[in-house]
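Scroll down for the structure; my scribbles are underneath it.
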Amino acid sequence: MCSLWRGSLLTLTSSLNRRVFQCCRQFGRSYNIASCMPEAVAFQGVSDHSGLYKFSVNESDRFWGAVARQRLSWISPFHTVQNCDFSQGKIKWFEGGKLNVSVNCLDRHVHTCPERVALIWERDEPGTEVKITYRQLLELTCRLGNLLKRQGVRRGDCVTIYMPPCPLAVASMLACARIGAAHNVVFAGFSSEALADRIRDAQSSTVITVNQGVRGGKVVDLKRTVDQAVQNCPSVQQVLVAMRTENTVAMTDRDVPLEEEMMKEDVVCEPVAMDSEDVLFLLYTSGSTGKPKGLVHTQAGYLLYTSLTHRYVFNYHDGDVFGCVADIGWITGHSYIVYGALCNGGTTVLFESTPVYPNPGRYWEMVERLEINQFYGAPTAIRLLLKYGDEWVQNYNRSSLKTLGSVGEPINTEAWEWYHRVVGDGRCPVVDTWWQTETGGICIAPRPADPEAEIVPGMAMRPFYGIKPALLDTEGGGGGALCISQAWPGMARTIHNHHQRFTETYFQPYPGFFFTGDGAHRSKEGYYQIVGRLDDVINVSGHRLGTAELEDVVNQCPAVAESAAIGYSHDIKGEGECLPKTRSGKIMRRVLRKVVERNTDELGDLSTLDDPDSVHEVIRGHRRLR
Ligand code: PRX
């Protein structure tokens with residue numbers, strides 16, 4: 001462990017850019033702590049943000065107890081704020097409490113503002129967006145909840161969802177929450193093998209999908225991928241199929257036409273009273289060894305943490321349009337497109353397309369058309385877009401923007417500056433948010449709601465309320481293994497069916513601490529800069545890939561005796577992994593064979609490749625090896 005992180009720390013950009021941005025301009029300097037966080041009035045002696053942060057970590061029970069009572073609607077109150085013991089990997093929050101997550105995300109807003117837009121589905125073709133109000137989303141959710149019950153889904157079951165971002169995907173997640181089932185959303189770019197692995201591990205009897213996906217002007221046969229996957233999943237009894245396109249697909253006895261059947265259902269579905277610590281969802285993510293792990297998140301703590309971070313990290317206010325361009329298949333989509341945003345009664349965008357479709361102005365044309373106030377994206381896309389030049393940004397009116405967010409990987413200074421200066425016209429705070437699938441929500445970020453906050457380009461800056469980071473194995477110079485020394489409500493509770501792996505991975509490397517797997521550096525002002533992974537996890541375009549998973553695939557080639565996958569630095573993607581893959585994640589072996597046989601003139605049809613440039617990288621790499 002130690003030697004691994006030492007290696008990484010050597011790559012640290014030690015000369016931090018000292019240009020500091022004060023993000024208080026738009027708020028003025030005088031403020032009242034109550035207007036920032038109403039609960040704070042009751043915290044004796046707390047009069048500013050640094051006092052509030054100290055209170056949140058020193059008086060964690062009082063802080064989280066008050067916030068949970070204030071911000072969530074409970075069916076019955078909790079009796080214990082937290083009951084956590086890192087040595088056993090035991091994390092429990094708000095025990096005794098009962099609530100329903102879908103009621104918190106829907107019903108309570110339907111009571112106060114039924115016609116407020118909950119979702120803006122930004123479909124692949126620009127200008128064809130669909131708006132869904134809170135009333136409509138509740139209806140969809142209830143019908144789907146009733147349909148799932150009719151299909152035999154019960155409290156405690158786990159439903160796998162393999163869908164691109166769309167209202168029915170969100171309604172499916174919330175329908176599970178309503179009837180007490182867990183969901184397991186699998187990114188709809190994953191291959192049938194990856195999907196099958198996840199369905200089998202979650203033991204789902206029900207899969208929800210769409211006939212086809214549409215992305216970047218291309219149609220993707222998602223139902224076909226599901227058909228292939230479920231052949232190897234004996235647990236699956238039924239596949240609910242929604243129609244994203246008008247093309248019919250082959251249906252078997254196992255398949256249920258989703259829209260048709262849900263329209264037969266009632267628009268009222270009684271929410272189940274869930275215990276705070278019942279499972280809300282599983283989300284699979286890569287580790288450095290073995291199969292992807294199904295991280296488990298539970299009801300109350302996760303919901304509270306995502307809504308609080310959504311509100312304060314992005315400075316989200318009622319009526320704002322929140323534009324997170326992640327996919328719902330990743331934790332960013334779960335926490336900020338769906339749960340955090342909807343719990344806050346927000347209007348949230350579901351982005352179906354790509355940053356360059358139909359041209360590199362797509363994001364900013366969308367910002368203008370939908371009047372997006374908070375834009376949240378990945379450095380990899382920013383690095384890609386800045387290469388196309390400023391005009392693609394400047395062609396569009398971005399005056400609605402208030403906060404720009406970055407997530408998934410370190411943001412280099414060039415990309416940060418461009419994001420701030422060109423996209424945000426130099427007036428929007430850029431919040432570089434550090435977190436992970438395991439942490440449930442943002443843990444380190446500048447807080448624009450804090451009028452005192454300063455922001456250093458390329459730094460994640462400061463811990464969020466309740467987060468107490470620690471750098472261990474420090475070697476001088478302020479760098480070390482990033483750990484968190486006390487529990488917070490949003491953290492994962494276990495790995496599905498593998499609690500021992502959970503404790504071994506996160507709590508045993510540094511007893512008494514949660515180990516994040518990342519290295520970080522702390523400046524003398526106490527600001528954090530994330531260095532990157534200390535283990536063998538590769539981060540390509542903000543997506544986690546395990547070296548073991550890649551090697552597994554490569555080792556399936558008969559000619560390969562042994563393999564080792566490594567990341568190497570890549571201008572746009574952060575790290576490259578070099579393999580030509582189709583959009584559904586399949587490695588195109590025939591292309592690799594041609595390269596190895598030096599038949600590069602006969603590569604054949606490359607149109608289904610996700611990134612045709614990857615072939616040239618392989619060719620270049622192969623030449624270097626020769
Ligand atoms: O290495 C860190 C990197 O992404 C990892 C978490 O990946 P995942 O669970 O897929 O979640 C991604 C979205 C939250 C982390 O261990 N990472 C995430 N955000 C940042 C980051 N690295 C540097 N700076 C960030 N802001």
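Residue numbering for the sequence shown follows UniProt numbering, beginning at 1 and increasing consecutively. Note that the Cβ used here is the ideal one computed from N, Cα and C, for glycine as well. As the structure is a computational prediction, the values presented were derived from the model and not from experiment.
Rounded to the nearest angstrom, the Cβ distance from Val540 to Glu575 is 5 Å, consistent with a contact under 8 Å.
The distance from the Cβ of Gly519 to that of Ile538 is about 15 Å, inconsistent with a contact at the 8 Å cut-off. Short note on Asn397: C-beta not closer than 7 Å to any heavy atom of the ligand PRX. Look at the segment 326 to 387 and you find these whole runs of alpha helix (DSSP H), each 4 residues long or longer: 340 to 343, 362 to 370 and 379 to 386.
Assignment of Pro167 by DSSP, reduced to helix, strand and coil, places it in the helix class. The three-state secondary structure of Gln212, taken from DSSP, is coil.
Between Cys483 and Phe513 the beta-carbon gap is near 4 Å, inside 8 Å, which marks them as a contact. Annotated three-state conformation of Cys36 is helix, per DSSP.
Between Cys578 and Glu551, the gap from beta carbon to beta carbon reaches 8 Å or more.
Taking all protein chains shown into account, Lys524 has fewer than 16 neighbouring C-beta atoms within 10 Å of its C-beta and is therefore exposed. Comparing C-alpha distances from Asp611 to each of Glu602, Arg598, Ile572 and Arg623 shows the shortest one belongs to Ile572.
Short of 6 Å from the beta carbon of Ser192, and not among the five residues preceding or following it, lie these beta carbons of its own chain, in chain order: Thr225, Gln228 and Ala229.
In the DSSP assignment, the residues bridged to His570 are Gly574.
In the three-state DSSP reduction, Met274 falls in the strand class (E or B). Annotation for Gln436 indicates a beta carbon within 7 Å of some heavy atom of the ligand PRX. For the ligand PRX, no non-hydrogen atom lies closer than 7 Å to the CB of Asp318.
By the criterion of a C-beta distance shorter than 7 Å, Gln374 is surrounded in its chain by Phe314, Tyr316, Asp320, Phe322, Gly323, Lys402, Thr403 and Gly405, once the five residues flanking it on both sides are discounted.
In this structure, Ala182 is the residue among Thr209, Pro234, Ala182 and Gln231 with its C-alpha nearest to the C-alpha of Met274.
For His521, the uninterrupted beta strand (DSSP E) run begins and ends at Phe514 to Arg522, by DSSP.
DSSP lists Asp518 as the bridge partner or partners of Arg533.
Not a single heavy atom of the ligand PRX lies less than 7 Å from the C-beta of Trp488. Using a cutoff of 7 Å, the CB of Asn412 does not count as near the ligand PRX, since none of the ligand's heavy atoms is closer than that.
At a Cβ-Cβ threshold of 8 Å, Leu342 and Glu129 do not count as neighbours. Here Cys158 is not near Arg200, since their CB atoms are 8 Å or more apart.
Within a 10 Å sphere around the beta-carbon of Ile75 sit fewer than 16 other beta-carbons, which makes this residue exposed. Setting aside the 5 residues that flank it on each side, Glu562 is surrounded in the same chain by Asn555, each with a C-beta closer than 8 Å to its C-beta; the list follows chain order.
At the C-beta level, Ala445 and Met461 come within 8 Å of one another.
Rounded to the nearest whole angstrom, the C-alpha separation of Val46 and Phe55 is 7 Å.
Relative to the ligand PRX, the beta carbon of Glu409 is positioned inside 7 Å of a heavy atom.
Counting only the Cα atoms, Leu240 lies some 44 Å from Val422. No Cβ-Cβ contact shorter than 8 Å links Gln436 with Val57.
In this chain, the beta strand (DSSP E) harbouring Val430 covers Val430 to Thr433.
With distances taken between CA atoms, Glu122 lies nearest to Gly216 out of Gly216, Ser50 and Leu609. By the CB criterion at 8 Å, Gly440 and His310 fall outside the cutoff.
Excluding its 5 nearest sequence neighbours in each direction, Ala326 has C-beta neighbours in its own chain below 6 Å: Thr332 and Gly333, listed in chain order. A residue is called buried once 16 or more other Cβ atoms fall within 10 Å of its Cβ, and Ser87, having fewer, is exposed.
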